[in-house]
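Sequential numbering of the sequence shown, starting at 780, is according to our numbering.
Beta carbons: idealized from backbone N, C-alpha and C, even for Gly.
Model, not experiment: these values are computed from the prediction.
Presented below is the structure to which this report refers.
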Amino acid sequence: MGSGMSQQQFRLFRVFGITVFLHWSWFLVAVYELSQRSSQYPSLGWNIAEYLALFGIVLLHEFGHSLACRQVGGNADQIILWPLGGVAFVNPPPRAGAVLWSIAAGPLVNVGLLVLLSVVNPFLHGSALPASAVHFLWRLWWINFSLLAFNLLPIYPLDGGQILRALLWFVLGRSRSLYVAATLGVVGTAGLVVFAVARHFFSFWIGIMAFFLLSQCWRGFREAKNLSALAKMPRHAGFACPSCRAQPLQARAWVCPDCRQPFDTFAHGAVCPGCGGASPVTGCPECRQAHPFAEWVCR
Ligand SMILES: [Zn+2]
Ligand SMILES: [Zn+2]
Ligand SMILES: [Zn+2]
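So this is what it looks like as structure tokens:
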């Protein structure tokens, strides 16, 4: 995250080692949205509560991604809430199973909420709860269901598209699965826009969303290209990353901790050919985990 980013958002809280940020534009959009809504409630309070509950559900969904990613040994320490939703910055280890679990855990939170609200809500009619509270809980059911359905669209980079990518990874490999998913993402986004225009509900927000989806697909194409180039580079047989099992590259991709010179640590047994300094740990360029050199040796 660049330093410029930190001025556009502020820290809300930190829990389970994950810091939650709110982008300043969230307030602008919140005020606009609340003023535009034809209130379904007799008082403004419930209207605000519903808007906050929407982001509460989004936050739980993002925590699903972050906690699952950490569970499989990845990095995830930031969630940013935007006017259009949330982003969990997750970096799971590059294995199809680990990526699949990190992505699927978000929608699974919504599935859990769907079951909970579907079981509890029918009992509230005719209970002592005020009518507005019952209405609020049914609105939560609907908001949660809509978020789940939207997120599961198989349009990369929506969760559905990323789940599809992780499933294709098992069959096609890391780079080709991303290429196919990003292609389907472009086709799906175009379909979404055509559908919205044809049904006369195209809006400024759908335009922003489409732009975001397409730019992420473009990043996906570039990453797929880099990954396929990386896959073709020569490797050191006899070594493998203890975390992700990737064989290390035959390249000067490591830096001596003493003299800062780049060298191929696997060609020199983790001892710098320039100054003789030994590297206490060797980092994996692919999953960014570091381990003592001896743990890399295949037996
Ligand atoms: Zn998600
Ligand atoms: Zn690795
Ligand atoms: Zn050195």
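Cut-off 6 angstroms between Cβ atoms - residues of its own chain near residue i, not counting five sequence neighbours on either side
i	result
Val866	Ile859
Arg849	Ala855
Leu916	Asn900
Gly964	Ile934, Tyr935, Gly940 and Cys996
Glu841	Ile858, Gly865 and Ala867
Residues of its chain near residue i, where Cβ-Cβ distance is below 8 angstroms and the 5 sequence neighbours each way are ignored
i	result
Val959	Arg944, Leu947 and Leu951
Leu927	Pro886, Asn889, Val890 and Leu893
His904	Val913
C-alpha distance - residue i paired with residue j, whole-angstrom precision
i	j	result
Leu893	Val899	10 angstroms
Ala1073	Ala875	26 angstroms
Phe834	Gly864	7 angstroms
Gly1056	Thr962	47 angstroms
Ser782	Val1060	Note that Ser782 scores 43 on pLDDT, short of 50, meaning its location in the model is unreliable and no value can be drawn from it.
Ala809	His844	25 angstroms
Asp1037	Arg1024	27 angstroms
Phe1018	Pro871	22 angstroms
Leu846	Thr798	12 angstroms
Residue i and residue j closer than 8 angstroms at C-beta
i	j	result
Ser956	Ser1007	no
Arg1014	Pro1027	yes
Gln815	His802	no
Ser906	Trp825	no
Thr1041	Val1050	Before going on, a small fix: residue 1041 reads as Pro here, not Thr. No, Cβ-Cβ distance for Pro1041 and Val1050 is not below 8 angstroms.
Ala877	Val837	no
Phe800	Arg790	yes
Proximal residues to residue i (C-beta, below 7 angstroms), its chain only, five neighbours per side dropped
i	result
Ala883	Ile942
Of the listed residues the options, nearest to residue i (C-alpha basis)
i	options	result
Phe806	Pro1021, Glu829 and Trp861	Trp861
Ser897	Phe924, Cys1023, Leu971 and Ala1046	Phe924
Ala1030	His1047, Cys1023 and Arg1024	His1047
Phe990	Trp920, Phe1042, Ala969 and Ala832	Ala969
Pro873	Phe1042, Gln787 and Ser1022	Ser1022
Q) In chain order, what are the residues with a CB under 5 angstroms from some non-hydrogen atom of ligand 1? A) In chain order, the hits are Gly885 and Asp938.
Q. Any residues whose CB sits closer than 6 angstroms to a heavy atom of ligand 2? List them in chain order?
A. Any residue whose Cβ sits closer than 6 angstroms to a heavy atom of ligand 2 makes the list: Cys1020, Ser1022, Cys1023, Ala1025, Cys1063, Glu1065, Cys1066 and Gln1068.
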